[in-house]
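**Q** I am attaching a structure below and will ask some questions about it afterwards.
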Amino acid sequence: MRPRLPLRPITSSLSVMACSWIRCRAAMKKPLPSIWQTYGKISMHAVWQKIWADLVHRRLVSLLILGTIAAAAALLTLALTTLFNLEAPYDKSHAELNGAHLWLHFKPGRVRSMDIRQIESLPQVTESTGRQFSYTTSVRFDAQRVLVSLRAISLEPPRVNRLRLLSGRFLLPEEDALLISRDLRDIYHLGAGDYLEITCADGRRVSLPIVGVVYDPMYDNYRSSLPPYIYLTQDLLASLFPDKSTWEWSLGLRLANPEEVQSVLEQIEAMRTVTFIASHTDWRDVRSSAIFDAQMAFIFLSAFSLFAILATVLIVVSIVSSTVLAQIRQIGILKAVGFTGQQVLGVYVGQYALLSLLGTVLGFLLGLWLSPLPLKTVTASLNTIYQPPFNPWTMLIVFCAVPGITMSAAAMASARGVRVNTIQAIAVGGETLLKKAFWLARLLEKAGAPMPLVLGVNDVFIKPLRSLLAGINLTLGVMGVVFGLALSDTIRVYRHNPALLGIVYDAIVTREQSSDERAQRLIGQAPGVEAFYGEYLLEAKTLDGRSLKLRAVEGSLEAFPFHILEGRFFQPDTSEALAGKGLLDWLGLSVGDSLTLILDKDDGPQATWVIVGEYPEPADAGQRLMVNLSSVRPLLKHSSPSVYYLKLAPSADAEAIRAFLSPRRESDLNFMLMEDVIPSTVIYLQIAVFMLAGILIGIAMVNILIMSLLSAQEKLRVVGILKTLGMTPWQVITMFVTTATFLGVLSIVAGVPAGLVLTRNLLNLMASFTGFGQISVTLENLAFWGLLPFTLFVSVLGSFLPARWAAKVYIVEVLRKE
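For reference, each letter of the sequence shown is one residue, going 52 to 869 in our numbering.
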């Protein structure tokens with residue numbers, strides 16, 4: 052506790068002097084001159100001298116604040132640069148390849164050459180790929196069979212929708228070789244030098260080499276159900292499958308206005324009364340899929356940059372408030388020699404104007420240098436390099452936000468110095484009257500706790516504002532660490548329980564020529580298969596023309612752990628349905644509503660289902676509906692399942708199941724085991740989150756260090772008195788460390804639940820982009836108990852150096868300064 056100053060003699064002497072001066076001037080019948088008139092106008096040079104003296108005198112504090120401001124400015128620059136350039140890498144790649152804006156996939160036998168020419172002559176269409184040929188079949192490699200689309204390309208690069216080479220080389224003239232899409236590379240780890248086996252129309256098996264991996268700017272790897280693409284020459288396609296009537300047709304279009312995709316599509320569909328378009332790809336959907344990882348990076352950068360700015364504000368307010376209090380006598384002297392209140396304000400605001408401007412410049416440059424990193428997931432997948440250009444709006448926002456907020460915080464905190472009474476400030480200074488000890492400190496004292504511990508706990512409440520700001524700052528750091536830990540635990544839970552992602556099966560079997568009865572019989576007899584269900588996937592449209600996919604399922608559904616987010620699972624043999632979150636949001640529906648769809652084609656049968664539950668749908672942005680196959684079969688002739696989802700026994704042998712289902716090479720049942728369902732980009736995201744959390748923890752440590760340093764400077768006289776009374780240096784250190792430790796404990800109590808809420812909201816915000824649904828956030832008890840010593844270590848580390856400095860100060864030096 053600070054002893055009270057003997058105020059009465061000082062104030063009495065000042066009062067006598069002031070009264071004598073006033074009487075003397077009254078007797079002379081002259082007006083009392085102001086100090087302003089006596090000393091003349093204080094120049095700005097004097098203000099800058101005071102600003103520079105304070106910055107130099109507190110070099111360590113100034114450098115720490117400068118680093119904090121630079122970190123906040125860098126994070127804000129990264130977030131804004133990512134926001135302004137989210138779509139730029141894809142747009143740049145799409146423009147370089149002259150990608151199509153609308154890709155039409157026609158129904159076999161429904162389109163004519165005249166229709167193609169009519170479509171290309173539409174006024175909104177500027178360029179066309181011309182008629183494209185493809186053939187859907189399966190290829191075999193490493194005992195796996197995968198359904199693919201063989202797409203004929205010319206050896207000369209087309210004008211519209213060119214391919215970008217990711218690895219290997221392009222096709223050569225008269226070469227029987229293949230190019231594969233990047234999806235085959237990413238999922239099956241195929242590349243140049245590998246071979247694919249294709250069964251020709253006459254039954255011959257041909258093994259063809261892969262010579263390159265390419266990127267197609269109009270292949271949507273998320274929002275559509277397109278099979279992976281394999282590119283070959285038209286001559287090679289004709290040699291494999293000579294019957295051109297079995298080939299599929301498609302057409303890519305570039306539009307004068309890329310945003311008019313839907314209106315152009317409606318015009319094309321209205322050309323004929325017969326439905327001749329099987330599906331289409333919108334370039335905007337492809338772009339949304341491509342930039343998803345960058346969107347996640349932007350969300351995290353935005354959250355952490357706001358935290359960093361808030362932490363900077365807390366530090367500035369804490370330091371300025373403490374500095375004004377410590378220099379209150381100096382402020383009184385400055386005002387006595389002619390400083391106005393605005394000039395006093397300018398002294399403190401000017402200090403942080405310099406620090407904030409310099410820190411913002413450093414942070415802005417650092418942010419620009421690091422700006423390609425958040426977009427690297429997009430540029431890497433596109434095999435392109437993108438350096439975000441200089442954006443004056445980014446610079447304007449950063450240089451207005453960071454210095455503006457910092458100087459506003461300094462002005463708010465220094466208001467006390469502007470309002471202080473000159474005589475009172477010189478006479479009394481910033482001393483605070485003795486306060487009653489905090490109840491916890493009194494309780495610890497009664498319990499016989501060591502006096503350094505009691506004083507350390509009580510110091511938290513001697514300067515409540517400073518302690519509150521430091522505690523909030525440390526809480527932000529705890530929230531960042533909790534976010535990283537919760538994200539890691541949540542990913543681990545989802546990896547071990549893919550049902551939470553909507554993947555309730557262990558393996559998939561697809562059929563081509565085999566009948567549904569044969570496929571089900573073999574799957575039911577396969578060793579290690581505990582249960583399975585079949586799925587018939589069909590196109591459907593709402594009454595207002597919006598297309599979606601319908602999952603019609605049947606089988607042992609009760610054996611699979613479907614994760615129901617809301618409502619319940621549908622009953623067998625009923626017209627009930629489950630809807631993905633994305634579908635409900637897209638159509639504006641909720642559980643309990645009815646949905647009427649047109650099946651298979653525009654003039655197809657209509658059916659109505661009651662949505663009784665919501666589930667996490669991992670495909671098509673969650674815009675799918677799952678129903679009983681029994682409710683579809685009476686309406687459509689050919690509605691047998693072609694895909695089967697298997698639940699395997701823990702001891703099941705995948706190779707034995709594959710050998711049982713496909714004993715011969717010509718067998719058409721393909722068995723595929725599900726692997727890791729968490730994308731690798733999410734793992735990199737974890738690393739980025741921990742790095743951002745480390746920045747917040749570093750800022751919190753800086754705040755603790757500054758708080759302890761200011762406290763040590765203010766308490767030198769108290770420390771001297773305590774050392775005179777017998778307190779050892781280690782007891783002095785214990786007193787300071789106890790204050791920081793107590794704040795650390797409080798920050799954990801507040802930061803853990805706040806961090807979990809932050810994690811849940813940010814992850815659900817990301818999930819809303821994909822139509823996935825609500826994400827269950829978890830945090831292990833082990834992680835929580837590991838967080839406690841970590842936070843306490845950060846608190847102790849931040850306070851140890853100032854405490855050690857205070858403990859080493861000699862009593863004689865303290866008394867000499869006093």
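Cβ atoms here follow ideal geometry from the backbone N, Cα and C, with glycine treated the same way.
Run the CB neighbour count on glutamine 564, radius 10 Å, all protein chains shown included, and call it buried at 16 or more, exposed below.
**A** So glutamine 564 ends up on the exposed side.
**Q** Could you say if the segment 147-155 and the segment 316-336 meet the contact criterion of at least three C-beta pairs nearer than 8 Å?
**A** Contact holds: three or more Cβ-Cβ distances are below 8 Å.
**Q** Note down the Cα distance separating glutamine 674 from serine 340, rounded to an integer number of angstroms.
**A** Rounded to whole angstroms, glutamine 674 to serine 340 spans 14 Å at the Cα level.
**Q** Applying the 10 Å Cβ sphere with the 16-neighbour rule, what's the burial state of glutamine 394?
**A** Under this definition glutamine 394 is a buried residue.
**Q** Do you know offhand how far glycine 397's Cα is from alanine 805's?
**A** Each residue's alpha carbon lies about 37 Å from the other.
**Q** Nearest-angstrom Cα distance between valine 895 and threonine 842?
**A** Absent from the model: residue 895. The displayed extent of the chain is 52 to 869, so no value can be given.
**Q** Along the chain, which unbroken stretches of the beta strand (DSSP E) at least 3 residues long are found entirely within the segment 368-424?
**A** Runs of the beta strand (DSSP E) inside the segment 368-424: none found.
**Q** Leaving out five residues before and five after alanine 603 in sequence, what residues of the same chain have Cβ atoms less than 6 Å from its Cβ?
**A** Closer than 6 Å at the Cβ level, and outside the excluded window around alanine 603, lie Tyr587, Val678, Leu680, Val683.
**Q** Does the contact criterion of 3 or more C-beta pairs under 8 Å hold for the segment 632-646 versus the segment 601-615?
**A** In short, these stretches do not touch, since the Cβ pair count stays below three.
**Q** Excluding sequence positions up to five away, which residues of its chain have a Cβ less than 7 Å from the Cβ of leucine 686?
**A** Contacts found: Leu650, Pro656, Ala658.
**Q** At what residues does the beta strand (DSSP E) containing valine 176 begin and finish?
**A** Its beta strand (DSSP E) spans residues 176-179.
**Q** Would glycine 585 pass as a contact of glycine 553 if the rule is Cβ separation under 8 Å?
**A** The answer is no: Cβ separation not under 8 Å.
**Q** Specify, as a first and last residue, the run of the alpha helix (DSSP H) that phenylalanine 512 falls within.
**A** From DSSP, the alpha helix (DSSP H) with phenylalanine 512 extends over 502-513.
**Q** Counting only the same chain and skipping the five closest in sequence on each side, list residues whose C-beta sits under 7 Å from that of alanine 591.
**A** Answer for alanine 591: Leu599, Leu601, Leu648, Ile649, Leu650, listed in chain order.
**Q** Do valine 337 and aspartate 271 count as a contact pair if the criterion is CB distance below 8 Å?
**A** Yes. Within cutoff.
**Q** Apply the 10 Å Cβ neighbour rule to aspartate 267 and answer buried if 16 or more other Cβ atoms are within range, or exposed otherwise.
**A** The residue in question, aspartate 267, is buried, as its Cβ has 16 or more Cβ neighbours within 10 Å.
**Q** From Pro780, Asp624, Gly531, Ala97, pick the residue whose C-alpha is nearest to that of phenylalanine 358; which is it?
**A** Minimum Cα distance to phenylalanine 358 is reached at Gly531.
**Q** Spell out the partners DSSP gives histidine 156 in its beta bridges.
**A** BP columns for histidine 156 point to Ser301, Ser330.
**Q** Per DSSP, what kind of secondary structure is arginine 215 in: helix, strand or coil?
**A** Strand.
**Q** Between tyrosine 186 and leucine 230, how many whole angstroms is the CB-CB distance? I'm expecting something under 8 Å.
**A** Actually they do not touch by this definition, with Cβ atoms about 15 Å apart.
**Q** Drop a sphere of 10 angstroms on the beta-carbon of asparagine 472, count the other beta-carbons inside from all chains shown, and report buried for 16 or more, exposed for fewer.
**A** Label assigned to asparagine 472: exposed.
**Q** Please go through the same chain and pick out, in chain order, the residues whose beta-carbon is closer than 6 Å to the beta-carbon of arginine 196, but skip the five residues on each side of it.
**A** These residues qualify, in order along the chain: Ser189, Asn721.
**Q** For leucine 646, which three-state DSSP category applies?
**A** The answer is strand: DSSP assigns leucine 646 an E or B state.
**Q** If I follow the unbroken alpha helix (DSSP H) through valine 453, where does it start and stop?
**A** Where valine 453 is concerned, the enclosing alpha helix (DSSP H) stretches over 443-464.
**Q** Does the segment 111-129 come close enough to the segment 177-185 that 3 or more CB-CB pairs lie under 8 Å?
**A** Output reads no: the segment 111-129 does not touch the segment 177-185.
**Q** Apart from the five residues just before and just after valine 829, which ones in its own chain have a Cβ nearer than 8 Å to its Cβ?
**A** In the sequence as presented, valine is not what sits at residue 829; that position holds threonine. Here the set comprises Ala537, Asp540, Thr541, Val544.
**Q** Can you give the beta carbon distance from tyrosine 403 to methionine 458, rounded, assuming they're within the 8 Å contact cut?
**A** Yes, they are in contact, since the Cβ atoms of tyrosine 403 and methionine 458 sit about 6 Å apart, within 8 Å.
**Q** Give the range of the beta strand (DSSP E) segment to which isoleucine 932 is assigned.
**A** Outside the modelled stretch of the chain, which goes from 52 to 869, sits residue 932, for which no answer is possible.
**Q** Could you check the C-alpha separation between leucine 848 and threonine 810 for me, to the nearest Å?
**A** Roughly 27 Å between the two C-alpha positions.
**Q** Flag this pair as touching only if the segment 206-224 and the segment 252-265 have three or more C-beta atom pairs under 8 Å; answer yes or no.
**A** Counting Cβ pairs under 8 Å, three or more are found: they touch.
**Q** Alpha carbons only, please: which of Arg202, Ser290, Gly507 is nearest the one belonging to glutamate 299?
**A** The shortest Cα separation from glutamate 299 among Arg202, Ser290, Gly507 belongs to Arg202.
**Q** Between which two residues does the alpha helix (DSSP H) harbouring threonine 561 extend?
**A** Here threonine 561 belongs to no alpha helix (DSSP H); instead the beta strand (DSSP E) covers 558-561.
**Q** Based on DSSP bridge pairs, tell me the residues matched to tryptophan 660.
**A** According to DSSP, tryptophan 660 bridges with Leu646.
**Q** Suppose you measure from the CA of valine 803 to the CA of alanine 700; what does that come to, to the nearest Å?
**A** Each residue's alpha carbon lies about 39 Å from the other.
**Q** Give the straight-line distance between the Cα atoms of lysine 80 and serine 407, rounded to the nearest whole angstrom.
**A** Because lysine 80 carries a pLDDT of 45, less than 50, the predicted location of this residue cannot be relied on, and no value is offered for it.
**Q** Could you have a look at proline 82 and say whether DSSP puts it in helix, strand or coil?
**A** Confidence in proline 82 is poor, its pLDDT being 44 and thus under 50, which makes the residue's placement unreliable; the coordinate value appears in the next sentence. Three-state result, proline 82: coil.
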